[in-house]
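J.:
In UniProt numbering, the protein residues as written are 1 to 326.
#1: Roughly how many angstroms lie between the CA atoms of residue 240 and residue 270, to the nearest whole one?
#2: Would you please state the rounded distance, in angstroms, between the beta carbons of residue 304 and residue 89? I believe it to be under 8 Å.
#3: Would you list the one or two residues that DSSP bridges to residue 211?
#4: Under the assumption that residue 42 contacts residue 263 (Cβ atoms under 8 Å), give the Cβ distance between them as a whole number of angstroms.
#5: For residue 187, I'd like the list of residues in its chain whose CB is within less than 7 Å of its CB, leaving aside the five on either flank, ordered along the chain.
#6: Rounded to the nearest angstrom, what separates residue 132 and residue 144 at their Cα positions?
#7: Considering only the alpha carbon of each residue, which of 20, 37, 52 lies closest to residue 249?
#8: I think residue 140 touches residue 213, with their Cβ atoms under 8 Å apart; what is that distance to the nearest whole Å?
#9: How many Å lie between residue 39 and residue 294 at the Cα?
#10: Cα separation between residue 12 and residue 167?
#11: Would residue 221 and residue 109 qualify as a contact pair, given that the criterion is a beta-carbon distance under 8 Å?
#12: Do residue 234 and residue 134 have their C-beta atoms closer together than 8 Å?
#13: Counting along the chain, where does the alpha helix (DSSP H) carrying residue 95 start and finish?
#14: Assuming residue 282 and residue 163 make a contact with CB atoms under 8 Å, what is their CB distance in whole Å?
#15: So, for residue 292: in the same chain, excluding its five sequence neighbours on each side, which residues have a beta-carbon less than 7 Å away from its beta-carbon?
#16: By a C-beta neighbour count over all protein chains shown, 10 Å radius and 16 as the cutoff for buried, is residue 5 buried or exposed?
#17: Can you tell me whether residue 175 is buried or exposed, with buried defined as 16 or more other CB within 10 angstroms of its CB?
#18: By alpha-carbon positions, which one of 9, 288, 228 ends up nearest to residue 307?
#19: From residue 148 to residue 302, what distance separates their C-alpha atoms?
#20: Hey, how far is the Cα of residue 58 from the Cα of residue 81?
#21: Would you report the Cα separation of residue 238 and residue 83, rounded to the nearest angstrom?
#22: With respect to the alpha helix (DSSP H) encompassing residue 41, which residues constitute its N-terminal and C-terminal limits?
#23: According to the neighbour-count rule (16 or more other Cβ atoms, all chains shown, within 10 Å of its Cβ), is residue 46 buried or exposed?
#24: Between the beta-carbon of residue 261 and the beta-carbon of residue 103, is there less than 8 Å?
#25: Just verifying my parser: in three-state terms, what is the DSSP assignment at residue 327?
#26: Leaving out five residues on either side along the sequence, give the residues of the same chain with a beta carbon under 7 Å from the beta carbon of residue 172.
#27: Report the rounded CA-to-CA distance for residue 276 versus residue 314, giving the unit in angstroms.
#28: Among 280, 60, 209, which one has its Cα closest to the Cα of residue 169?
#29: Mapping the DSSP letters down to three states, classify residue 312 as helix, strand or coil.
#30: Could you tell me the distance, in whole angstroms, from the CA atom of residue 15 to the CA atom of residue 321?
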């Protein structure tokens, strides 16, 4: 079944839910101030974000199963609700999995710019807001392209397979960042200082306004998320073509990215096989898209099971096998 469940009512409920959670996040930042986020605090917020996503998915299922939809039988409504809920959950888990790669890059960026732990939360809060806006735009553009040119799904699939194989060859992320082509470009366009000014993104030196390392880190994180979105957004289109499901699952996953960063930041070195797990997931999802050309459709529940199996397997292997000494 090809779903197209988006309606003004559903988009309004989604927008209100996101705005409420953003307001709660900003209020928490204002009340607690800049501080180093503990593992306990990060775990609590991670569970909150996951719970919010699951509650939204449960409400969506209930609405589609019991709402008033003229022209649909009770059985058809039930099938629509079940498919939407499974698609949302699969897209959410897929985006959560792929966003782990973002976390490793965030660690590298903060280390490179020497951003103290107590200020990292502020950078990520604003960075994730920008990421949400960019993801929504990319989903809308991607959905419009697919509706007009369905063959573009095969292009997405081939790109994901290629990206997955290239991830097997990536060993030294720091070397790529130290090329600093992006940083040099940004610094050439705007004034920046190497001096931090508490939690501020701008500071005044000699009567002139300069961007601080916090602003530079925010810019690089935002741009890096655009690069990652080129992988993750097409990947969710392999699960469903419904822009509402793609958008909501993507945004809810991104909302919890900051909390997940602080939860996993201190354990990143222990999960050294995750990169290979994520690469395998991309290859699988890309292959799923390419198989559509042969009219071979892999059920969504199988995709969800495979993604979870690969993710859990890579974590277990990481914990059992220590990384080789460099």
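All residues carry an ideal CB built from backbone N, CA and C; glycine is no exception.
T.: In brief:
#1: 33 Å
#2: Going by Cβ atoms, the distance from residue 304 to residue 89 rounds to 7 Å, so yes, they are a contact pair.
#3: 192, 202
#4: 4 Å
#5: none
#6: 18 Å
#7: 52
#8: Not confirmed; about 33 Å, so no contact.
#9: 47 Å
#10: Using only the alpha carbons, I get a separation of about 38 Å.
#11: yes
#12: no
#13: First-last of the alpha helix (DSSP H) with residue 95: 74-112.
#14: 6 Å
#15: 153
#16: Its Cβ being crowded by 16 or more others within 10 Å, residue 5 is buried.
#17: Unreliable positioning characterises residue 175 in this predicted model, as indicated by a pLDDT of 47, which lies under 50. A coordinate reading is not provided.
#18: 288
#19: Near 28 Å, if we compare the C-alpha coordinates of residue 302 and residue 148.
#20: 10 Å
#21: 14 Å
#22: 39-66
#23: buried
#24: yes
#25: Outside the displayed span of the chain (1 to 326) sits residue 327, for which this structure offers no information.
#26: Residue placement at residue 172 is flagged as unreliable, the pLDDT there being 47, under the threshold of 50; the coordinate-derived value follows with that caveat. Taken in chain order, the list of residues that qualify is empty.
#27: 7 Å
#28: 280
#29: Under the three-state reduction of DSSP output, residue 312 falls in the helix class.
#30: 44 Å
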